[in-house]
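Visitor:
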Amino acid sequence: MREILGRRRRLRYRRKKGPVQLEAALTFAVEWQWPVLPGAGLKSAGGDRSEGRGRSRGDRGCACPDPECVVPGAHPFDPGLLAATSDERMIRWWWTNRPTAPIMLATGGPSRATGSGEGRAPCAVSLPAVAASRALSVLDRMDMRLGPVVATPTRWSLLVAPYTLEQLGELLFVKDCVPSSLRFHGSGGYLVLPPSETGTGLVRWERAPLPGSAAPWLPDVEAVVDALVEASASDAGSGLYPPEAGEGSRLTY
């Protein structure tokens, strides 16, 4: 029987009063050895960094110094990306001081609890939310096994096994056509994880990891890109992967 991760059971955090980001961050970092760090987060209309005091997203911008930040709240700032870690003490300190901070995954990054390069974090392939919804339906019909899928109001990200820039380059080189709206989040990149709140809205699991202590299974990037390209070809004319405004044929790595 086909296995679709996250369809039958959802990863649920224990219900309790207050933010659940700390519990989620500990699961990612300590149990799964994914290097994470708090994101910039949002600020209130008064200019201070917001920690969930009831204001709506509409009156908040990014807590970083850029007044025109295009990804409000959903990027590292202080600390920077290189601070990402799987060390439990650091995770507890960060989210005790900033309990509603977004959880940022350092994609393709090593575990820094031991300082070794082992146990590298997932990478990801993302595409616009509307196109992603249609693409997942096509992949289900193709019996394509997927790993966890992270959804924001604007983009969905399919988590994949770690890859190098060289591997990605070789993969794309042999493709006649790759949808221009795909983005690749590899080593040196980052991705916001659930349950986080950013300037565009809430971050959730579209396909949640199965509950348990083991790190989720991840497909190879080649299999995912091959399937997405095939899905695009089989759905030709439907606008499955329309180029995003101003992007043309640009690929983002």
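For the sequence shown, the positions run 24 to 276 when this note's numbering is used.
Glycine included, every Cβ here is placed at the ideal spot set by N, Cα and C.
1) Between Phe100, Val172, Gly192, Glu193, which lies nearest to Val183 when the distance is taken from Cα to Cα?
2) Out of Ala97, Asp101, Pro202, which has the shortest C-alpha to C-alpha gap to Asp249?
3) For Glu91, name the three-state secondary structure that DSSP assigns.
4) Please classify Trp179: does DSSP put it in a helix, a strand, or coil?
5) If you pair each beta-carbon of the segment 223-232 with each one of the segment 159-175, do three or more pairs fall below 8 Å?
6) Does the separation of the CB atoms of Ser219 and Pro125 fall below 8 Å?
7) Using a Cβ-Cβ cut-off of 8 Å (strictly less than) and excluding sequence neighbours within five positions of Val252, which residues of its own chain qualify?
8) Please work out which residues of its chain come closer than 6 Å, Cβ to Cβ, to Ala63, disregarding the five sequence neighbours upstream and downstream, and give them in chain order.
9) Pull up the distance between the alpha-carbon of Arg121 and that of Val59, whole angstroms please.
10) Relative to the C-alpha of Trp179, which residue among Asp166, Leu195, Gly224, Leu191 is closest?
11) My understanding is that Gly192 touches Gly131, with C-beta atoms under 8 Å, so please give their C-beta distance in whole angstroms.
12) Could you tell me which residues DSSP puts in a beta bridge with Tyr213?
13) How would you write the range of the alpha helix (DSSP H) that Val201 sits in, first residue to last?
14) Tell me Trp55's beta-bridge partners as DSSP assigns them.
15) For Ser79 and Met127, I'd like the C-alpha separation in whole angstroms.
16) Could you give the DSSP three-state label for Arg143: helix, strand or coil?
17) Do Ala155 and Pro176 come within 8 Å of each other at the CB atom, strictly closer than that value?
18) Just to confirm the assignment, what range does the beta strand (DSSP E) spanning Trp117 have?
19) Specify, as a first and last residue, the run of the alpha helix (DSSP H) that Ser156 falls within.
Guide: So, from the data block:
1) Val172
2) Ranking the options by Cα distance to Asp249, first place goes to Pro202.
3) Coil.
4) strand
5) yes
6) yes
7) Once the five neighbours on either side are set aside, the close Cβ partners of Val252 are Lys198, Cys200, Val201, Pro202.
8) Cys85, Ala86, Cys87, Gly96, His98, Phe100
9) Whole-angstrom Cα-Cα distance: 14 Å.
10) Gly224
11) Gly192 to Gly131, Cβ: 14 Å. No contact.
12) Paired residues: Ala129.
13) Unbroken run through Val201: none, as it is neither H nor E.
14) Trp55 has no beta-bridge partner at all, per DSSP.
15) Unreliable placement is indicated for Ser79, whose pLDDT of 45 sits below 50; the coordinate value is still reported in the next sentence. Roughly 22 Å separates the two Cα atoms.
16) In the structure shown, Arg143 sits in coil (DSSP, three-state: anything other than H, G, I, E or B).
17) no
18) It is not in any beta strand (DSSP E) - Trp117 instead sits in the alpha helix (DSSP H) that spans 111-120.
19) Element bounds for Ser156: 152-164.
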